[in-house]
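*Asks:* Residue 10 is where the sequence shown starts when you use our numbering, and the numbers rise one by one after that. The beta-carbon is built from N, C-alpha and C at its ideal position, and this holds for glycine as well. Mind having a look at this structure? Questions to follow.
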Amino acid sequence: MPIPEDVTGDEIDKDVRQELQSLPKTLADDVAKNLVMVARLIDEDPEGAYGYSKVALRLASRVAAVREAAGFAAYANQKYGEALGEFRAARRMTGNTDLWPVMADCERGLGRPEKALDMAGAPEVQKLDKAGQVEMRLVAAGARRDMGQLDAAIVTLQSPELASNAVQPWTARLRYAYADALLGAGRQGEAREWFAKAVEADKDGSTDASDRLAELDGVEFVDALDENEGEGPGADDGSDEQVQARPDEGDKE
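Put into structure tokens, the structure is as follows:
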């Protein structure tokens, strides 16, 4: 697959670069460039990222960072069985537990929420850092919801991290998951409160909490040009679309 001229391979993390030092330099550079492309595309073009990950995997399947990147690329494309295999391979090579939560989420993706819950109670969780433990809690709550256990999902998310006023990288997603679980259980008032808290913490727009909050408040986004359609000459002046908010009559679920 083609590599853009602006990609040198030096963009990768220094720890990954160190792993690649076991390869001949030319090969290491090629692998690094493909890993850069995986990271660059995985959010916007997961299929493209997957393609580059397969190239890196073909070149250096014995490098843990390559297996991990291939796992995330497969995961982004909902190829959960393949992703789980790559994550397991990476874990065997490194011996660390960092990938434990995403491995559990792959079990959910494969329709095995019970297995994900077993992993949430395994000793490996205690070896995770705080971010990893929060991620594991999110996965466990998701598994509970997969099994129709909404109240248990709510309890699973209740934690010191949820109660804290401090904003951490995981705060918005944790509050959002809690709000969504509350809404699923029919506790709309509490759900609205927590969606609002998620909005406060979501500075980079990692969730759609603001949209969910607007929906609960009965706000609907309307195309202004559609409203003007049929009002005679000049209704559509060729200008760009405008969006305005309009409250509905009554509450909107």
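Report back the beta-carbon spacing between A205 and L192 to the nearest angstrom; my notes put them in contact at under 8 angstroms.
*Replies:* Residue 205 sits at position 196 when you count from the first residue of the sequence shown. Residue 192 sits at position 183 when you count from the first residue of the sequence shown. Not a contact, Cβ separation roughly 13 angstroms.
*Asks:* D211 to P13, Cα distance in whole Å?
*Replies:* Stepping through the sequence shown from its first residue, residue 211 is reached at position 202. Stepping through the sequence shown from its first residue, residue 13 is reached at position 4. Going by the C-alpha atoms only, they are around 32 angstroms apart.
*Asks:* Would you mind giving the Cβ-Cβ distance between V40 and L50, rounded to the nearest angstrom? I have them listed as a contact below 8 angstroms.
*Replies:* One-based indexing of the sequence shown puts residue 40 at position 31. One-based indexing of the sequence shown puts residue 50 at position 41. Actually they are not in contact, since the Cβ atoms of V40 and L50 sit about 16 angstroms apart, beyond 8 angstroms.
*Asks:* Taking all protein chains shown into account, decide if A172 is buried (16 or more other Cβ within 10 angstroms of its Cβ) or exposed.
*Replies:* Numbered from 1 along the sequence shown, position 163 holds the residue referred to as residue 172. Exposed is the call here.
*Asks:* Any contact of the segment 141-155 with the segment 173-191, i.e. 3+ C-beta pairs under 8 angstroms?
*Replies:* With a cut-off of 8 angstroms, the segment 173-191 and the segment 141-155 count as touching, because enough Cβ pairs lie within range.
*Asks:* Is it the case that the Cβ atoms of I21 and A58 are separated by a distance below 9 angstroms?
*Replies:* Looking up residue 21 in the sequence shown gives position 12. Looking up residue 58 in the sequence shown gives position 49. No.
*Asks:* How is G239 classed by DSSP in three states: helix, strand or coil?
*Replies:* Against the sequence shown, residue 239 aligns to sequence position 230. Residue confidence for G239 is low, a pLDDT of 49 falling below 50, so the modelled location carries little weight; the figure read from the coordinates is stated next. The answer is coil: DSSP assigns G239 none of H, G, I, E or B.
*Asks:* In three-state DSSP terms, what is N43?
*Replies:* Translated into the one-based positions of the sequence shown, residue 43 becomes position 34. Note: N43 maps to helix in three-state DSSP.
*Asks:* Apart from the five residues on each side of it in sequence, which residues of its chain come closer than 7 angstroms, Cβ to Cβ, to G18?
*Replies:* Counting from one through the sequence shown, the residue named residue 18 turns up at place 9. D38, A41, K42 and V45, listed in sequence order.
*Asks:* To the nearest angstrom, report how far apart T103 and V176 are at their CA atoms.
*Replies:* The residue you call residue 103 lines up with position 94 of the sequence shown. The residue you call residue 176 lines up with position 167 of the sequence shown. Looking at the two C-alpha atoms, the distance is approximately 31 angstroms.
*Asks:* Does the segment 73-91 come close enough to the segment 105-116 that 3 or more CB-CB pairs lie under 8 angstroms?
*Replies:* With the cut-off at 8 angstroms, the segment 105-116 and the segment 73-91 touch.
*Asks:* Could you tell me the distance, in whole angstroms, from the CA atom of V72 to the CA atom of D160?
*Replies:* What you label residue 72 is simply residue 63 of the sequence shown in a count that begins at 1. What you label residue 160 is simply residue 151 of the sequence shown in a count that begins at 1. Computed Cα separation, rounded: 42 angstroms.
*Asks:* Please name the residue, chosen from K63, A85 and L36, that lies closest to D54 on a Cα-to-Cα basis.
*Replies:* For this step, residue 54 is matched to residue 45 along the sequence shown. Per the Cα distances, A85.
*Asks:* Taking only the alpha-carbon atoms, compute the straight-line gap between L137 and M128 and give it to the nearest angstrom.
*Replies:* Counted from its first residue, the sequence shown places residue 137 at position 128. Counted from its first residue, the sequence shown places residue 128 at position 119. Going from the Cα of L137 to the Cα of M128 covers about 12 angstroms.
*Asks:* Taking DSSP as the reference, what is the three-state secondary structure of L126?
*Replies:* Your numbering for residue 126 matches position 117 in the sequence shown. Three-state DSSP puts L126 in a helix.
*Asks:* Looking at the secondary structure, which residues open and close the alpha helix (DSSP H) in which M102 lies?
*Replies:* On the sequence shown, position 93 is the one that residue 102 refers to. Residues Y89 to T103.
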